[in-house]
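See structure below.
2 protein chains.
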Amino acid sequence: MKQGKITIIDIAEKTGLSKGTVDRVIHNRGEVSAKSREKVLKAIREFGYEPNLHASLLASGHRKNVVLLIPSPASGSFWTLSAEGMKKAAETVGPLGIDCKTVTYDQYDLASFRVACDLVLDSHPDGVVLAPMFHYESFSLGERLHAERIPFVLVDSKIENKNYLAYFGMQEYASGYLCGDQLSQGKTMERVLIVRISPDRDRQADPTAGRRTGFLDYLAEHCPGCEVIQTFVHPSDPVQIRQAMEEVYAAHPDIRHIVMFNSRIHRIVPFLEAHPDPQRRVVGFDNLAENMAALRKGTISVLIGQRPGEQVARAIQALADYLLLDKKPAQKDNHVHMDILTRYNIDYY
Amino acid sequence: MKQGKITIIDIAEKTGLSKGTVDRVIHNRGEVSAKSREKVLKAIREFGYEPNLHASLLASGHRKNVVLLIPSPASGSFWTLSAEGMKKAAETVGPLGIDCKTVTYDQYDLASFRVACDLVLDSHPDGVVLAPMFHYESFSLGERLHAERIPFVLVDSKIENKNYLAYFGMQEYASGYLCGDQLSQGKTMERVLIVRISPDRDRQADPTAGRRTGFLDYLAEHCPGCEVIQTFVHPSDPVQIRQAMEEVYAAHPDIRHIVMFNSRIHRIVPFLEAHPDPQRRVVGFDNLAENMAALRKGTISVLIGQRPGEQVARAIQALADYLLLDKKPAQKDNHVHMDILTRYNIDYY
DNA sequence: TGAATTTCCGTGCACGTTCACGGAAAAAAT
DNA sequence: ATTTTTTCCGTGAACGTGCACGGAAATTCA
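So the sequence lines, in the order shown, correspond to chains S and A.
For the first sequence, counting from 1, position 164 maps to 285 in the working numbering; every step adds exactly one.
For the second sequence, counting from 1, position 238 maps to 359 in the working numbering; every step adds exactly one.
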């Protein structure tokens, strides 16, 4: 079909009303009699009127702004990848009348998240992209946004709040299961080391729990009797990490399979390189620069990527579609592909 | 920075000229003195003028149309995936004033390609997305488009013509190399079967040659002395295919590694399922529905995906950016990621 | 019945470009 | 110096929608 040439004025003529009235019913802002309203609605349906985006944006000059609320992208961390996606998306929706900005918080500090939430609300955004790290507070932010009729999109992980416009993230459980297959290469394993980040009391949401469950299920189904060793390391302190690893290694010198379910696998790379073992298989998550470097060197066997940049880009796009064309996304829950990254395909990621 | 509030009229005032003149230099359509031209250009740079897309599109009401020239997407074939990407991209650029349509040809019939080329040129498109199957004719189409100043973007494979605006495709050589690693799982192989499509005289371009080279290089480096067996099958005739496979199998009953470099690996699935072998490893290319089904069942071990939909979507986007904002893509040659697909991550592709 | 409300609706300008038209200024020809 | 041509530039009407303003019609009140 040809693009709708019919304008708001055509509708006005067909109905014998004026464009002002037609405009009022389109944006249903009242001051229209029920009868006229019906007539206009009918004509719109009948003649297939579609608003001209450009004329609309031009006339109502004001730009919309969406804010992205994510943990601070420390250099080289997972969230820098998200920030990059945001930048790219901002470029595409910018000329369409959407301004993007970012508000960050410390993902290990609940108070900073609360501050960030208030900041977001105070800026009266037209839309929000949220990476929820703290369950309860994210939920309540969702409630507050919903109360102000501000649409929000979730990335990375979900919360129970059902008011979100859309969600973009990785299938947690399935990625853990996949991880099992990549670690084992389909053969049975006898002993597996899971390296975990020390739990943080304030941190209420653990996005890696689902992955761990999927992984353990894979083990149960494909490697019955496999011994699972777990060790906990500090999120950043290299000395503590090294020491913890050395201890496990001393206790189990024959460990050949190592896995981490968060993006910090690069933290144990120094240890791994101090104890080289060509037979060893190491699987981690996310395409951080340091992870990729270790992958190229062969220290890490496989990374599972979730395209964080694409997640936020799609989130912003969804928000733009909603704000501009008020088109809701086809499905609320969208899962990005789980990328298997090896040294042979990492260079074109 | 705030979004450029300065308009063409501001520039006019700054320079003491009129908006008409400013407009003329912006679209450099002549009829302006060198002096005025310089003044305007300087002011534009100085004050950072950026054209308002909406006003522009609104005023110059005419829509642009781009055409996608690809092989006929036979049901379930590789090109249906491209067509889907086109559909999605069309939805996003549609409201921006770009109409997309598709012209198809028989990828095994040169004459049909010639006809398609003429069809494309006769429709006087504003931009073209081209999947070149026939080298020489594609080259000459490129020349003709360039002569008419019609920008074109290549997908899937490249041609020598340097006038293309951009290229989106997979790294052929690297994907073959990757294929070797996935087939062998890092261990040395002793015997490998490569299944190829019978060469077609008229078909001048073979996109799989690069993959084969990469694969053989992997073999040379990691599996020295590995025996390579090749067999040729008809592109579609199931009977011939089955027979050819049976013959190879009879001659080499101990084949454990099978690979195909085109998207037709599903053609040998019936054979594979008639001769089950849990030890066997099979690697193919592209996420056709039938390939994916075989992957789920375990008949195929790994598929290497190249996101054909994303390729054309990005191609169309690049064309749109050029036509609308006349912004050239950051880099001409863009390689999409080589996806490793297994039964464990295929469901969210 | 007339006045005071309330409800509803039409008018007209603005948004930033594009582009055809026509005219002034400069250059060339007589 | 006058006419003709060329070069250059300003003007103003679209494009389709948003929205403020004011006024007509319908309703309520006195």
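Ideal Cβ positions, reconstructed from N, Cα and C, are used throughout, including at glycine.
- The beta carbon of residue 338/S sits no closer than 8 Å to any beta carbon of chain A.
- Residue 384/S is classed as buried because its beta carbon has at least 16 other beta carbons within 10 Å across all chains shown.
- Residue 128/S is outside the set of residues whose beta carbon lies under 8 Å from a beta carbon in chain A.
- According to the DSSP assignment, residue 248/S belongs to the beta strand (DSSP E) that extends over 248 to 251.
- Among the residues of chain A, those whose CB is under 7 Å from the CB of residue 306/S are 306, following chain order.
- The Cβ atoms of residue 263/A and residue 282/A sit closer than 8 Å to each other.
- In the three-state DSSP reduction, residue 144/S falls in the helix class (H, G or I).
- Contacts between residue 309/S and chain A, judged by CB atoms closer than 8 Å, are missing: the closest CB pair is about 13 Å apart.
- For residue 329/S, no CB of chain A lies under 8 Å from its own CB, so it is not counted at the interface with that chain.
- Residues of the same chain with a CB within less than 7 Å of the CB of residue 158/A, apart from the 5 flanking positions on each side, are 146 in chain order.
- Judged by DSSP in its simplified three-state form, residue 381/S adopts strand.
- Note that the region 444 to 456 of chain S touches the region 214 to 228 of chain S; at least 3 beta-carbon pairs, one per stretch, sit closer than 8 Å.
- Here the C-alpha atom of residue 377/A lies approximately 27 Å from the C-alpha atom of residue 198/A.
- Residue 355/A holds the alpha-carbon nearest to the alpha-carbon of residue 318/A among 355/A, 304/A, 284/A, 288/A.
- Using a CB distance cut-off of 8 Å, residue 295/S counts as an interface residue toward chain A.
- Interface residue (Cβ-Cβ distance to chain A less than 8 Å): residue 254/S is not classified as such.
- Between residue 407/S and chain A, the shortest Cβ-Cβ separation is not below 8 Å.
- Annotated as proximal: residue 250/S and residue 187/S, with beta-carbon spacing under 8 Å.
- DSSP, reduced to helix, strand and coil, places residue 213/A within a helical segment of the structure shown.
- The Cβ of residue 176/A sits closer than 8 Å to at least one Cβ of chain S.
- Going by DSSP, residue 335/A is part of the alpha helix (DSSP H) stretching over 330 to 343.
- Here residue 462/A is near residue 423/A, since their CB atoms are less than 8 Å apart.
- With fewer than 16 neighbouring CB atoms inside 10 Å of its own CB, residue 139/A falls in the exposed class.
- Residue 458/A and residue 288/A have their C-alpha atoms some 14 Å from each other.
- Listed as beta-bridge partners of residue 398/S by DSSP are no residues whatsoever.
- Its chain contains 411, 415, 420, 421 as the residues whose beta carbon lies nearer than 8 Å to that of residue 390/S, once the 5 sequence neighbours on both sides are disregarded; these appear in chain order.
- Look at residue 312/S here: in three-state DSSP terms it is strand.
- Under the Cβ distance rule, residue 132/S does not count among the residues neighbouring chain A, no pair being separated by less than 8 Å.
- Excluding its 5 nearest sequence neighbours in each direction, residue 240/S has C-beta neighbours in its own chain below 7 Å: 224, listed in chain order.
- Residue 457/S sits in coil when the DSSP states are folded into three classes, being neither helix nor strand.
- Distance from the CA of residue 245/A to the CA of residue 270/A, rounded to the nearest whole angstrom, comes to 11 Å.
- Between the alpha carbons of residue 155/A and residue 167/A lies a gap of roughly 18 Å.
- Within 7 Å of the CB of residue 459/S, the CB atoms of chain A belong to 466, 469, in sequence order along the chain.
- Across the set 179/S, 183/S, 132/S, the C-alpha of 132/S shows the shortest separation from the C-alpha of residue 171/S.
- Residue range 231 to 243 is occupied by the alpha helix (DSSP H) that includes residue 239/A, with no beta strand (DSSP E) assigned at that position.
- Within 8 Å of the CB of residue 230/S, no CB atom of chain A is found; the nearest one sits about 30 Å away.
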